[in-house]
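Novice: Under full-length UniProt numbering, residues 1 to 619 are what the sequence shown spells out, in order. Shown below is the structure under consideration.
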Amino acid sequence: MTAGPGGGTRNGEAGNGGTRKPPARHRRRPAFDPSGPTKPMAGPVGPPLPAPTPGSARRGTPPAGPGQGRSEQSRSTGGRPRRASGRKAMTLGRASGTMAIGTVASRASGFLRTVAIAAAIGTGAVGDAYNVANTTPNILYDLLLGGVLSSVIVPVLVRAAKDDPDEGEAFASSLLTLVVLGLGATVAVAMLAAPLIISAYLAAGGAERDLAVTFLRWFLPQVIFYGLGATIGAILNVRQSFAAPMFVPVLNNLIVIATCVAFIFVPGPRPPTVAGISDAQITVLAAGTTLGVVIMTLALLPSLRAVGFRYRPRLDLSHPGLRRAMRLAGWTLLYVAVSQVGYLVIVRLASSATAYTVYTYGYQIFQLPYAVIAVSVITALLPRMSAHAADNRSDLVRQDLSTGTRLAAVVIVPAALALLALGRPIAVAVFNHGAVSYTGAVRIGDTLAAFAVALVPFSLFQVQLRVFYAHQDSRTPALINMGIVATNIACAAALSSLLPDKNRSVALALAFAVSYLVGVAVSSVLLQTRLGGIDGGRIARMLTQVTIAGGLGAVVAAAVSSLVRMVLGQGWIGSGVSVVLACGVGVPIYLAAIVRMRLPEMAALVTTVRGRFGSRSAH
Numbered sequence: 001m002t003a004g005p006g007g008g009t010r011n012g013e014a015g016n017g018g019t020r021k022p023p024a025r026h027r028r029r030p031a032f033d034p035s036g037p038t039k040p041m042a043g044p045v046g047p048p049l050p051a052p053t054p055g056s057a058r059r060g061t062p063p064a065g066p067g068q069g070r071s072e073q074s075r076s077t078g079g080r081p082r083r084a085s086g087r088k089a090m091t092l093g094r095a096s097g098t099m100a101i102g103t104v105a106s107r108a109s110g111f112l113r114t115v116a117i118a119a120a121i122g123t124g125a126v127g128d129a130y131n132v133a134n135t136t137p138n139i140l141y142d143l144l145l146g147g148v149l150s151s152v153i154v155p156v157l158v159r160a161a162k163d164d165p166d167e168g169e170a171f172a173s174s175l176l177t178l179v180v181l182g183l184g185a186t187v188a189v190a191m192l193a194a195p196l197i198i199s200a201y202l203a204a205g206g207a208e209r210d211l212a213v214t215f216l217r218w219f220l221p222q223v224i225f226y227g228l229g230a231t232i233g234a235i236l237n238v239r240q241s242f243a244a245p246m247f248v249p250v251l252n253n254l255i256v257i258a259t260c261v262a263f264i265f266v267p268g269p270r271p272p273t274v275a276g277i278s279d280a281q282i283t284v285l286a287a288g289t290t291l292g293v294v295i296m297t298l299a300l301l302p303s304l305r306a307v308g309f310r311y312r313p314r315l316d317l318s319h320p321g322l323r324r325a326m327r328l329a330g331w332t333l334l335y336v337a338v339s340q341v342g343y344l345v346i347v348r349l350a351s352s353a354t355a356y357t358v359y360t361y362g363y364q365i366f367q368l369p370y371a372v373i374a375v376s377v378i379t380a381l382l383p384r385m386s387a388h389a390a391d392n393r394s395d396l397v398r399q400d401l402s403t404g405t406r407l408a409a410v411v412i413v414p415a416a417l418a419l420l421a422l423g424r425p426i427a428v429a430v431f432n433h434g435a436v437s438y439t440g441a442v443r444i445g446d447t448l449a450a451f452a453v454a455l456v457p458f459s460l461f462q463v464q465l466r467v468f469y470a471h472q473d474s475r476t477p478a479l480i481n482m483g484i485v486a487t488n489i490a491c492a493a494a495l496s497s498l499l500p501d502k503n504r505s506v507a508l509a510l511a512f513a514v515s516y517l518v519g520v521a522v523s524s525v526l527l528q529t530r531l532g533g534i535d536g537g538r539i540a541r542m543l544t545q546v547t548i549a550g551g552l553g554a555v556v557a558a559a560v561s562s563l564v565r566m567v568l569g570q571g572w573i574g575s576g577v578s579v580v581l582a583c584g585v586g587v588p589i590y591l592a593a594i595v596r597m598r599l600p601e602m603a604a605l606v607t608t609v610r611g612r613f614g615s616r617s618a619h
């Protein structure tokens with residue numbers, strides 16, 4: 001949700017145990033995240049919701065309620081015995097491969113979208129007005145549906161598909177109707193309240209506030225399409241259709257990229273200013289952004305028809321699935337609400353120093369290593385972890401947690417050190433184009449380097465979070481999130497008062513890092529008690545080794561980058577060449593050190609990620 005940057009991230013499925021399995025179409029898969037990888041979703045002020053990351057990986061769904069484990073799966077439904085699937089591993093491999101390819105395509109196009117938006121509108125007041133307004137639909141979607149859909153509705157859809165005589169089709173139709181009516185009413189009210197909503201998030205007033213209100217009224221209809229897309233994606237996933245939900249965010253990103261190119265040719269000031277931006281520029285930028293979300297959602301309809309689903313207008317509020325969802329949703333709603341409170345504070349602190357856009361772009365690059373590597377590990381391990389939790393095998397859950405932590409760390413730790421060492425040249429190479437000046441790109445780079453401090457605790461916390469979800473515990477994550485958000489707010493306020501306004505985004509990124517250090521410490525203590533240990537000694541030794549190896553590579557990479565920029569200059573060409581050469585030297589040094597230390601995690605990680613691309617089963 002992307003929420004301020006953040007998000008979070010969110011893939012998973014229920015555990016499958018026993019020797020007899022439900023038909024393939026009833027195995028739960030991650031729900032569609034409609035926002036795409038480029039828009040931050042309510043954060044980054046707390047852990048991302050347990051939902052899939054944009055088109056990929058933003059971002060694990062908690063397992064369904066009791067009965068999703070081994071005992072339920074060995075029963076029959078509707079008089080039809082459940083058949084074991086002899087092709088389960090192959091099916092899982094193909095599905096995982098589809099999701100992984102969708103992840104890469106979505107992240108790559110999302111990255112280009114971020115660069116295009118920055119080049120078109122820059123990092124100043126227009127950028128803040130656009131990004132704050134464009135994030136608000138995500139916030140409303142998350143508050144009203146997003147968190148509940150990802151952690152509650154998907155399991156309920158799975159159960160309805162298994163237990164209802166029509167395999168849940170009537171319930172799904174009723175759910176779609178409820179989503180449209182509920183979100184439609186919300187959009188109507190929000191249109192009237194747009195000035196109040198913007199005033200709550202944007203510290204600036206006057207022309208910047210008016211521009212943000214105009215953008216928001218263009219963007220609010222996105223809420224309806226986010227809800228529709230997410231619900232349709234969930235229905236498709238329950239029916240074992242994964243390609244469309246994972247790839248349609250690419251359409252959204254491509255449309256926004258085309259919009260930014262068109263924006264450059266519309267008459268108006270370059271770069272655009274709050275006082276000078278023309279009505280034509282506003283219309284092209286706002287309409288194109290919303291059109292991307294609409295097309296992304298409509299592109300799911302052919303797949304919905306292909307799986308045999310036929311929507312029939314109906315609204316059955318008495319369906320037991322809806323009642324069950326409402327009972328389970330409480331802690332998830334608290335989780336979302338607390339995150340939004342923190343997000344509001346962070347946005348106001350950032351926008352008061354015209355730093356929100358810089359903060360957002362720094363976050364989006366920071367999240368890439370987590371989205372590509374850590375989510376692959378989480379996706380592969382969560383089903384097994386859920387099955388072990390259902391069997392009350394704490395020893396095996398502990399082993400899964402240790403494996404996931406070490407597999408993620410072998411790439412996340414050196415990635416964090418690389419971002420810390422090369423933050424400035426990376427940002428200058430990527431963003432110093434169009435409306436983004438060299439100074440603006442340097443601000444993004446400094447923010448990225450500050451976010452790098454958070455990458456390891458942030459990623460490890462996401463792995464730990466899945467242990468609670470594997471035990472069907474949404475209460476503990478919600479309570480931990482309250483502590484993370486409180487820490488983030490306190491540190492953000494303190495650091496913002498200590499550092500000058502030009503470093504506001506750096507202050508907020510450091511506060512984010514501190515909050516996740518607290519979060520991972522608290523969750524480690526709780527898991528130590530719940531599991532009887534977390535293999536802490538082994539994990540600590542491994543983290544020390546990869547930090548030493550990564551540190552060697554990062555120091556050499558930083559030196560190479562500095563030398564190259566001294567020769568070629570500090571601009572985007574010199575910075576880009578310096579990053580390529582620095583990585584060309586630093587990565588082999590890290591790999592050589594890892595080989596020398598004989599760490600088995602690197603080979604295991606390659607196997608896990610390969611399995612996600614379909615060459616092997618993720619199990």
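All C-beta atoms, glycine included, are put in the ideal place defined by N, C-alpha and C.
Less than 8 Å between C-beta atoms, sequence neighbours within five positions excluded: which residues of the same chain meet that for P313?
Specialist: Along the sequence shown, read from residue 1 onward, the residue named residue 313 stands at position 313. Around P313: S173 and T177.
Novice: Please confirm whether G519 and F461 have their CB atoms less than 8 Å apart.
Specialist: On the sequence shown, residue 519 is found 519 positions in, with the first residue counted as 1. On the sequence shown, residue 461 is found 461 positions in, with the first residue counted as 1. Contact: yes.
Novice: Enumerate in chain order the residues of its own chain whose CB-to-CB distance from F225 is below 6 Å, with the five nearest sequence positions on each side excluded.
Specialist: Here the question's residue 225 lines up with position 225 in the sequence shown. Excluding sequence neighbours, F225 sits near V293, V294 and T297.
Novice: Go to G268, then tell me how far its alpha helix (DSSP H) extends in each direction, as first and last residue.
Specialist: Within the sequence shown, numbered from 1, the residue matching residue 268 stands at position 268. Premise fails: G268 is in no alpha helix (DSSP H) and is neither H nor E.
Novice: Give the list of continuous alpha helix (DSSP H) stretches no shorter than 4 residues that lie fully inside the stretch 154 to 232.
Specialist: 154 to 163, 169 to 192, 194 to 201 and 206 to 219
Novice: Just to confirm my understanding: we take P23, look at its own chain, exclude 5 residues before and 5 after, and list those with CB closer than 6 Å. What are they?
Specialist: Start at 1 with the first residue of the sequence shown, and residue 23 comes out as number 23. For P23, the pLDDT reaches just 39, beneath the cut-off of 50, and the residue's location in the model is therefore unreliable, leaving the point undetermined.
Novice: Just verifying my parser: in three-state terms, what is the DSSP assignment at T544?
Specialist: If you number the sequence shown from 1, residue 544 lands on position 544. In the structure shown, T544 adopts helical secondary structure according to DSSP, grouped into three states.
Novice: Among the residues of its own chain, which have a CB less than 8 Å from the CB of L315, if the five just before and after it don't count?
Specialist: Translated into positions along the sequence shown, residue 315 becomes position 315. Excluding sequence neighbours, L315 sits near S174, T177, L178 and L181.
Novice: Measure the CB-CB distance between S109 and L254 and report whether it falls below 8 Å.
Specialist: The residue given as residue 109 occupies position 109 in the sequence shown. The residue given as residue 254 occupies position 254 in the sequence shown. A contact, by the Cβ cut-off of 8 Å.
Novice: Determine the closest residue to H319 out of A116, A170, P267 and G551, with distance taken between C-alpha atoms.
Specialist: Here residue 319 refers to the residue found at position 319 when the sequence shown is read from its first residue. Residue A170 is the option with its Cα nearest to H319.
Novice: Would you decide whether N392 is buried or exposed? Buried here means 16 or more other CB atoms lie within 10 Å of its CB.
Specialist: Here residue 392 refers to the residue found at position 392 when the sequence shown is read from its first residue. Label assigned to N392: exposed.
Novice: Could you tell me whether the Cβ atoms of L183 and G229 are closer together than 8 Å?
Specialist: On the sequence shown, position 183 is the one that residue 183 refers to. On the sequence shown, position 229 is the one that residue 229 refers to. No. Outside cutoff.
Novice: Around the Cβ of R28, are there at least 16 other Cβ atoms within 10 angstroms (buried) or fewer (exposed)?
Specialist: For this step, residue 28 is matched to residue 28 along the sequence shown. Any reading at R28 must be qualified, since the residue scores a pLDDT of 37, below 50, and its modelled position is unreliable; the value itself is stated next. Looking at its Cβ environment, which holds 16 or more other Cβ atoms inside 10 Å, R28 is buried.
Novice: Kindly indicate which three-state DSSP category T354 falls into: helix, strand or coil?
Specialist: Here residue 354 refers to the residue found at position 354 when the sequence shown is read from its first residue. Coil at T354, not helix or strand.
Novice: Considering just the uninterrupted stretch of the alpha helix (DSSP H) at F431, what are its terminal residues?
Specialist: On the sequence shown, residue 431 is found 431 positions in, with the first residue counted as 1. Note, F431: alpha helix (DSSP H), S394 to F431.
Novice: Please state if the CB of L543 and the CB of A593 are separated by a distance shorter than 8 Å.
Specialist: Position 593 of the sequence shown holds residue 593. Position 543 of the sequence shown holds residue 543. No, the pair does not count as a contact, with Cβ atoms beyond the cut-off.
Novice: Taking contact to mean 3 or more Cβ pairs, one atom from each stretch, closer than 8 Å, check whether the stretch 475 to 485 and the stretch 436 to 453 are in contact.
Specialist: no
Novice: Which whole-angstrom value is the C-beta distance of A511 and L422, which I expect to be below 8 Å?
Specialist: The residue you call residue 511 lines up with position 511 of the sequence shown. The residue you call residue 422 lines up with position 422 of the sequence shown. About 22 Å separates the two Cβ atoms, so there is no contact after all.
Novice: Measuring CA to CA, which of F451, S524 and A549 is closest to S505?
Specialist: Within the sequence shown, numbered from 1, the residue matching residue 505 stands at position 505. For S505, the nearest C-alpha among the options comes from F451.
Novice: Going along the chain, which residues of its own chain have a beta-carbon closer than 8 Å to the beta-carbon of L291, five neighbours each way excluded?
Specialist: Position 291 of the sequence shown holds residue 291. Within the same chain, L291 has close Cβ partners I255 and T259.
Novice: Just to confirm, are V358 and R239 a CB contact at a threshold of 8 Å?
Specialist: Translated into positions along the sequence shown, residue 358 becomes position 358. Translated into positions along the sequence shown, residue 239 becomes position 239. The answer is no: Cβ separation not under 8 Å.
Novice: By DSSP, does L510 sit in helix, in strand, or in coil?
Specialist: Along the sequence shown, read from residue 1 onward, the residue named residue 510 stands at position 510. Here L510 sits in helix by DSSP.
Novice: Helix, strand or coil for P600? Go by DSSP, reduced to three states.
Specialist: Residue 600 sits at position 600 when you count from the first residue of the sequence shown. Taken through DSSP and simplified to helix, strand or coil, P600 comes out as coil.
Novice: Quick one: is V189 buried, meaning 16 or more other Cβ sit within 10 Å of its Cβ, or exposed?
Specialist: Translated into positions along the sequence shown, residue 189 becomes position 189. With fewer than 16 other Cβ atoms within 10 Å, it is exposed.
Novice: Report yes if the CB atom of A120 is closer than 8 Å to the CB atom of F263, and no otherwise.
Specialist: Translated into positions along the sequence shown, residue 120 becomes position 120. Translated into positions along the sequence shown, residue 263 becomes position 263. For A120 and F263, yes; Cβs fall inside 8 Å.
Novice: Can the beta-carbon of N432 be found less than 8 Å from the beta-carbon of W572?
Specialist: Residue mapping note: residue 432 aligns to position 432 of the sequence shown, counting from 1. Residue mapping note: residue 572 aligns to position 572 of the sequence shown, counting from 1. Cβ distance < 8 Å, so N432 and W572 count as in contact.
Novice: Span of the alpha helix (DSSP H) holding L495?
Specialist: The residue you call residue 495 lines up with position 495 of the sequence shown. Counted as a single uninterrupted DSSP element, the alpha helix (DSSP H) harbouring L495 occupies residues R475 to L498.
Novice: Do you know whose CA, among L192, L499, G550 and A374, lies nearest V463's CA?
Specialist: Sequence index remark: in the sequence shown, residue 463 carries index 463 (1-based). Comparing Cα-Cα distances from V463 to each of L192, L499, G550 and A374, the minimum goes to A374.
Novice: Quick check: what's the CA-CA separation for L599 versus T405?
Specialist: Residue 599 sits at position 599 when you count from the first residue of the sequence shown. Residue 405 sits at position 405 when you count from the first residue of the sequence shown. Near 14 Å, if we compare the C-alpha coordinates of T405 and L599.
Novice: Between L334 and the rest of its own chain, which residues show a CB-CB distance below 6 Å, the 5 nearest in sequence each way excluded?
Specialist: Translated into the one-based positions of the sequence shown, residue 334 becomes position 334. Contacts found: A478.
Novice: Tell whether a beta-carbon distance below 8 Å holds between A492 and I346.
Specialist: Walking along the sequence shown from the start, residue 492 turns up at place 492. Walking along the sequence shown from the start, residue 346 turns up at place 346. A contact, by the Cβ cut-off of 8 Å.
Novice: Can you grab the Cα-Cα spacing for the pair residue 623 / V158, in whole Å?
Specialist: For the chain, the structure presents residues 1 to 619; residue 623 sits outside this window and is missing.
Novice: Between the Cα of Q472 and the Cα atoms of H388, P414, L285 and V410, which residue gives the shortest distance?
Specialist: Counted from its first residue, the sequence shown places residue 472 at position 472. Closest option to Q472, Cα to Cα, is H388.
Novice: Determine, using beta carbons only, whether I197 and R209 come nearer to each other than 8 Å.
Specialist: The sequence position of residue 197 within the sequence shown is 197, counting from 1. The sequence position of residue 209 within the sequence shown is 209, counting from 1. Contact: no.
Novice: Tell me whether S578 is buried or exposed, calling it buried when 16 or more other Cβ atoms sit within 10 Å of its Cβ.
Specialist: On the sequence shown, position 578 is the one that residue 578 refers to. It counts as buried.
Novice: Just confirm the distance between the C-beta atoms of A118 and Y361, as a whole number of angstroms; I'd bet it's less than 8 Å.
Specialist: Residue mapping note: residue 118 aligns to position 118 of the sequence shown, counting from 1. Residue mapping note: residue 361 aligns to position 361 of the sequence shown, counting from 1. That belief holds up - the Cβ atoms of A118 and Y361 are roughly 6 Å apart, short of 8 Å.
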